[in-house]
Amino acid sequence: MVLFLSLILLINAVFSFTVWPPFLRRIAADERSTDAAGKRTRFFTVHLVLISTALVLAAVAFVAAVIGFASLA
């Protein structure tokens, strides 16, 4: 069971680290991310917070997966 859960956590972490950074680049390039003066908008800030949270959770999942795999040894 620990092996299965560790694999799921690892897959989740890899997926998140693969998907979210390119999405942030697309958000940063979106015209709604800056106003006429070039300042970042709430649109960008909200997405930055959401993506940062997802990446922190992915890091936690990765650490939990590593701990799970280490407990099997």
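According to the working numbering, the sequence shown is numbered sequentially starting from 145. Cβ coordinates follow ideal geometry from the N, Cα and C atoms, glycine included.
DSSP links R184 through a beta bridge to T178. No residue range can be given for A217, since it is assigned to no alpha helix (DSSP H) and is classified by DSSP as neither H nor E.
The beta carbon of I195 sits closer than 6 Å to those of W164, L168, all from its chain and outside the five residues before and after it, given in chain order. Straight across, the Cα-Cα distance linking L149 with A214 is about 13 Å.
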